[in-house]
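Using my numbering, read the sequence shown as starting at 14 and increasing by one per residue. Take a look at the structure set out below.
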Amino acid sequence: MARVVALYRYPIKGLTPERRDALTVQPDGRVTGDRVLAFRFADATEPEDRDGLDYWPKSHGLSLQDFPALAALRTSYFDETRRIRIEHGDGVLVEAALDDDGRSELAEAVTDFVLGTPEGRRLRRPGRLPLVLVGDGETSRFQDRPRGYVSVHGRSSVHALGDALGMRIDDRRFRSNVVIDDVGPWSELDWSGEVRIGDLRFQTAGPIVRCLATHANPDTGVRDAKVLTTLTGALAQQEPTLGRLLLPGWERSDDGVGQGGGVIRIDDEVHAH
Numbered sequence: 014m015a016r017v018v019a020l021y022r023y024p025i026k027g028l029t030p031e032r033r034d035a036l037t038v039q040p041d042g043r044v045t046g047d048r049v050l051a052f053r054f055a056d057a058t059e060p061e062d063r064d065g066l067d068y069w070p071k072s073h074g075l076s077l078q079d080f081p082a083l084a085a086l087r088t089s090y091f092d093e094t095r096r097i098r099i100e101h102g103d104g105v106l107v108e109a110a111l112d113d114d115g116r117s118e119l120a121e122a123v124t125d126f127v128l129g130t131p132e133g134r135r136l137r138r139p140g141r142l143p144l145v146l147v148g149d150g151e152t153s154r155f156q157d158r159p160r161g162y163v164s165v166h167g168r169s170s171v172h173a174l175g176d177a178l179g180m181r182i183d184d185r186r187f188r189s190n191v192v193i194d195d196v197g198p199w200s201e202l203d204w205s206g207e208v209r210i211g212d213l214r215f216q217t218a219g220p221i222v223r224c225l226a227t228h229a230n231p232d233t234g235v236r237d238a239k240v241l242t243t244l245t246g247a248l249a250q251q252e253p254t255l256g257r258l259l260l261p262g263w264e265r266s267d268d269g270v271g272q273g274g275g276v277i278r279i280d281d282e283v284h285a286h
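Here it is, written out as structure tokens:
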């Protein structure tokens, strides 16, 4: 039986995940605490409102696609106290609250870190500095798609990719919210219609076409795996694809039909067609 084996949320867009025992999926399809903050370039705009849905492309701020060294950082977000801790190596790079002084401290520390990496020159391009930490720490709004989705992939697909690459590949490269096991490689790409995870219902949306963020080692931040060309070459995909998106489903209550939401937990069973 397919089941959930790992859950992740990403408090700061482009930075590292937090492993969770449970994720709360909101009625809009987004995960509570996921992408609630972002380091915005100086000349970038706030998220665009598209029919009441926020849209914020990677080009507006720090992302793994252009700054792979960010993967070497470890991020923790403490919701109740509204504090961020970012660690690097054996030490704490910065820890601060989400007040004005804390945001400045966080932005300064991350700026100094990125400037010291091989991608630092990209941050020095006109209009990018100073970085600004944006977001209220509660509203999930810094996704690069306007619709709210939960992202999922199968661990067997990652293992198949690793076999093609001749190296061990970590789930974290793919920045999914949900990782499942006990399904065949690439089977999630064949899902259609309804998918149930635990008590929650979803509708399948498109497969996830991958970007250069997947080339970054999730521990070192070094691009050490040619994921994209392996997917389209050795694995003969038309586009470099791994995992898929799930839209929130609909559930019937005593009062009629209402949009769903709820909690996904480790070991929840997964039923798909």
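Every residue, glycine too, gets a C-beta built ideally from N, C-alpha and C.
DSSP state of residue i mapped onto helix, strand, coil
i    : result
G104 : strand
P220 : strand
L146 : strand
E282 : strand
E31  : strand
F155 : coil
V171 : helix
F126 : helix
A247 : coil
T254 : strand
A109 : strand
R236 : strand
G179 : coil
A15  : coil
Own chain residues within Cβ distance below 8 Å of residue i, not counting five before or after
i    : result
R96  : Y90, E108, A109, A110, L111, G115
P131 : A82
R137 : L128
Q251 : T245
A173 : P198, W199, L248
T124 : L136, L142, P143, L144
I279 : V17, V18, A19, L20, D34, A35
Sequence-distant residues of its chain with Cβ nearer than 6 Å to residue i (five each side left out)
i    : result
R43  : S153, G161
R209 : H284
I99  : L86, T88, L106, V107
G206 : H286
V276 : A35, T37
P253 : R223, L241, L244, T245
Strand pairing of residue i, partner residues [DSSP]
i    : result
S89  : R98
F215 : V208, P261
H166 : V192
L202 : Answer is none; L202 lacks a bridge partner.
I25  : L50
L36  : I277
L20  : R33, V191
G74  : R53
Alpha carbon of residue i to alpha carbon of residue j, nearest angstrom
i    : j    : result
D92  : G150 : 8 Å
R265 : F54  : Any reading at R265 must be qualified, since the residue scores a pLDDT of 44, below 50, and its modelled position is unreliable; the value itself is stated next. Their backbone Cα atoms lie some 43 Å apart in a straight line.
L260 : C224 : 21 Å
R312 : R214 : In the structure displayed, the chain extends from 14 to 286; residue 312 sits before or after that span and is not available.
R22  : L258 : 15 Å
T233 : T45  : 28 Å
R185 : V165 : 12 Å
G133 : A19  : 32 Å
P231 : S76  : 13 Å
M14  : D195 : 6 Å
P220 : D41  : 19 Å
M180 : G74  : 31 Å
D79  : G262 : 34 Å
G148 : K26  : 10 Å
S117 : V192 : 34 Å
Exposure of residue i, with buried meaning 16 or more beta-carbon neighbours within 10 Å
i    : result
A35  : exposed
G197 : exposed
R32  : exposed
S189 : buried
D47  : buried
D289 : Residue 289 lies beyond the stretch modelled for the chain, which goes from 14 to 286, so this question has no answer here.
S72  : exposed
T227 : buried
P30  : buried
G104 : exposed
P60  : buried
K239 : exposed
P139 : exposed
T58  : exposed
T242 : exposed
P24  : buried
Chain D within 8 Å of residue i, Cβ atoms only
i    : result
V192 : Protein chain content of the structure displayed is limited to a single chain, and chain D is not contained in it.
Nonlocal neighbours in the same chain, by C-beta distance under 7 Å from residue i, ignoring five residues either side
i    : result
L28  : L83, L86, T88
R141 : F54, A55
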